[in-house]
Structures are given as C-alpha cells and as structure tokens.
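K.L.:
Position 160, counted from 1, in the sequence shown is what full-length UniProt numbering calls 160; the numbers after and before it change by one each time, with no gaps.
For every residue, glycine included, the Cβ atom is placed at its ideal position computed from N, Cα and C.
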Amino acid sequence: MASAGAEAGEAAAAARPHGALGAELFSQQATLYAAYRPDYPEGLYDAILRFAALPHLGTALDVATGTGQVAAALAARFERVLACDSTQAQLDNAVQRPNLRYFLAPAERLDGVPAGTVDLLTAAQSLHWFDGPAFFAEARRVLQPGGTLAVWGYGMPRFASVPGRAPHPPAALAALQHALQELHTGVLGGYWDPQRWHVLNHYRGLEPGPEHFGLVQRAELSMHKDLSIDALLGYISSWSSLAAYRRRHPQAPDPLLAFKQQLLAVLQLGTDGTAAGSSAEPVVRLEWPVFLILAKQPVLLAA
C-alpha cells in the first residue's frame, strides 16, 4: 500500500501556494514524512477507479505529490504517471518507477501538462493549501472530457487494538487517545497552520462547484497502521506543529518526551519500550478517517 500524503500543516498556506514556510517544513522533514506516514488502503484506489469508469488507464497526474507514494501506487495501475510538487526536497526523496516522471510545479500552474491529456488527477492531503478556484480551473484544463479529479485527506487518528494480539484494555486506549489529543490540540494547537481546520472538518465546503464539474460525490473510508513505540513517536515527530514548537522553544522540555512517558506508563512498559518479562515488541494500531471528494464532467474553460 502506498504511503499517505502530507500531514496538515506541513505545506504553505493557500495564499502563498507552497511558499517559504511550507518549503522549510518539508525540506526539514522529508525523511520523517516518507518513513512514518500511514498507508492508503487499496480500497481507496478501487473506489476512485469505480467512480472514474475510465475505458483506458492512460495518464494519471498527482499534484503536491510529496515523496511520490500516491504517484507510485498510480504507476502500478496506469500506463503513464506524472507527479509534481513545489518543493524540491520532497522530489529529491521521491519513489522512482519506470513509468513515473516528476517535475517541479505548484498544483495551480501545471504549465508543462498539455490541455486535455490527463485521465485522472489526484491530490492527497493537500487541497487545503491550494487556491481552490485556480486549482479547479487548472484541473479542468488538463483533464480530458471523460477525466476524473480525486481529492482526499485524512483526519485525527484514534488508537485501536491490534487483531491477533493481546488487546489493550478500553481504559488504556482511552487514556492513550486523551494523551494524543492533548498533545495535538492542547500543547501544539497554536502551532498548526490555520488551514489545519479544513482537514479536521474533512474538507467540507472545499468541494468544486458546478461551475467546475458537472458531477461531484463524497465518500468516507478508513485506514490503519500498526506501529511500534518508536514508529509511533516517529510519526508524531513528522508533525509540522511539533517542528514549529521546537523552533519556537528550543530550551523548553520536549513535548514528545512527555508524551512518550505517558505512553509507556499507560502501556506499563519500561523505558526501553518493552514489557517486564517479555521480549516482544509492543505494537499499537492507529486508525484514521479518510475523506474523499470525486469529480468528473469537467466544465470546458472559456476560450
């Protein structure tokens, strides 16, 4: 399964598409981003292709591709995939495939893509950074008349038990969720970009209007990832809000260390992350809601 796109807050605001702040955050965190992101389920791509009902899987284009995980998944399905990002550091760490070509560009200005040549255009966890009308107009330009736009994101995760392993008690899962929510919103809430709200609101109100596409639908899915303690901490380390907090307060106690102590205490683990008398590595499962916006019948641009 392909790794998910950028966490909310790790790109630039729509008013300055993928600008200085976003570039800096992405440049500093590209490795973390690639290593610890959750994986989009195959069912997501299946849902997109069912809606698209394309007679031929010719050309797909992934914008704000990050390190190319969605693009690589598309490359397994389409003859040809184009993928762009406005941050070179992301592209420098991108997944490579023989039928996949990367280029540097913002989602709203795809100058290197000829009009009417794209069958499927995708944007994962990134719409909230775009100039929406400009992006939808550019999507209409590059899509062929029967083409599809698929935009999605994922929200706040929750802790769940891992099937096939000794379940964590409900009280422990609730305590973990409270600790994660407190870190996300209580400690780091002021360090997320304001555009984060659109992610927490599942992109409601950001859908393209009838002036852009004749048919627009929404779908809700979910995805999960089983994480070791170190991987869970790595995932949180990729949050842009944590990076911003650390830059703002270089001498302050690290909130990730405080969360780790809470995590170990709730799971009754030692400082090395293992349970007393056990050599098995503890695993936690995070589940994320995935929200999907699908659009086709692009309205022709005025000549």
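1) Which one of D111, Q88, A71 has the shortest CA to CA distance from P98?
2) According to DSSP, is F291 helix, strand or coil?
3) Using a Cβ-Cβ cutoff of less than 6 Å, which residues in the same chain neighbour T67 once the five nearest sequence positions on both sides are dropped?
4) Taking three-plus beta-carbon pairs below 8 Å as touching, is the region 134–152 in contact with the region 180–198?
5) For D62, is the classification buried or exposed, using 16 other Cβ atoms within 10 angstroms of its Cβ as the cut-off for buried?
6) For A76, count neighbouring C-beta atoms within 10 Å of its own C-beta (all shown protein chains included) and say buried if the count is 16 or more, exposed if not.
7) What is the rounded straight-line gap between the Cα of L127 and the Cα of P170?
8) Please classify W288: is it buried, with 16 or more other beta-carbons within 10 angstroms of its beta-carbon, or exposed?
9) State the DSSP-derived secondary structure class of L269, mapped to helix, strand or coil.
10) If I measure Cβ to Cβ from G58 and keep anything under 7 Å in the same chain, skipping five residues before and after, which residues do I get?
11) Per DSSP, A83 is paired with what?
12) Please name the residue in A265, F159, M223 whose C-alpha comes closest to that of Q177.
13) Under the rule that 16 or more other beta-carbon atoms within 10 Å means buried, what is Q268, buried or exposed?
14) Any C-beta of chain D sitting closer than 9 Å to the C-beta of V216?
P.N.:
Concretely, from the data shown:
1) To locate residue 98, count along the sequence shown from 1; it is residue 98. Of the listed residues, the one whose Cα sits closest to P98 is A71.
2) On the sequence shown, residue 291 is found 291 positions in, with the first residue counted as 1. Residue state, collapsed to three classes: strand.
3) On the sequence shown, residue 67 is found 67 positions in, with the first residue counted as 1. For T67, where only same-chain residues beyond five positions count, the Cβ hits under 6 Å are A34, Q90, N93, A94.
4) Touching, no, given that fewer than three Cβ pairs across the two stretches are closer than 8 Å.
5) Along the sequence shown, read from residue 1 onward, the residue named residue 62 stands at position 62. Burial call: buried.
6) Mapped onto the sequence shown, residue 76 falls at position 76. Answer is exposed; the Cβ neighbour count stays below 16.
7) Working through the sequence shown from its first residue, we reach residue 127 at position 127. Working through the sequence shown from its first residue, we reach residue 170 at position 170. The straight-line gap from Cα to Cα measures roughly 35 Å.
8) Numbered from its first residue, the sequence shown carries residue 288 at position 288. By the neighbour-count criterion, in which a residue is buried when 16 or more other Cβ atoms sit within 10 angstroms of its Cβ, W288 is buried.
9) Against the sequence shown, residue 269 aligns to sequence position 269. In the three-state reduction of the DSSP assignment, L269 falls in the coil class.
10) As a first step, residue 58 must be located in the sequence shown, where it is residue number 58. F78, E79, R80, D119, listed in sequence order.
11) Against the sequence shown, residue 83 aligns to sequence position 83. By DSSP's assignment, A83 forms a beta bridge with D62, Y102.
12) The count along the sequence shown starts at 1 and reaches residue 177 at position 177. Ranking the options by Cα distance to Q177, first place goes to F159.
13) Residue mapping note: residue 268 aligns to position 268 of the sequence shown, counting from 1. Exposed is the call here.
14) In the displayed structure, chain D is absent; only one protein chain is listed.
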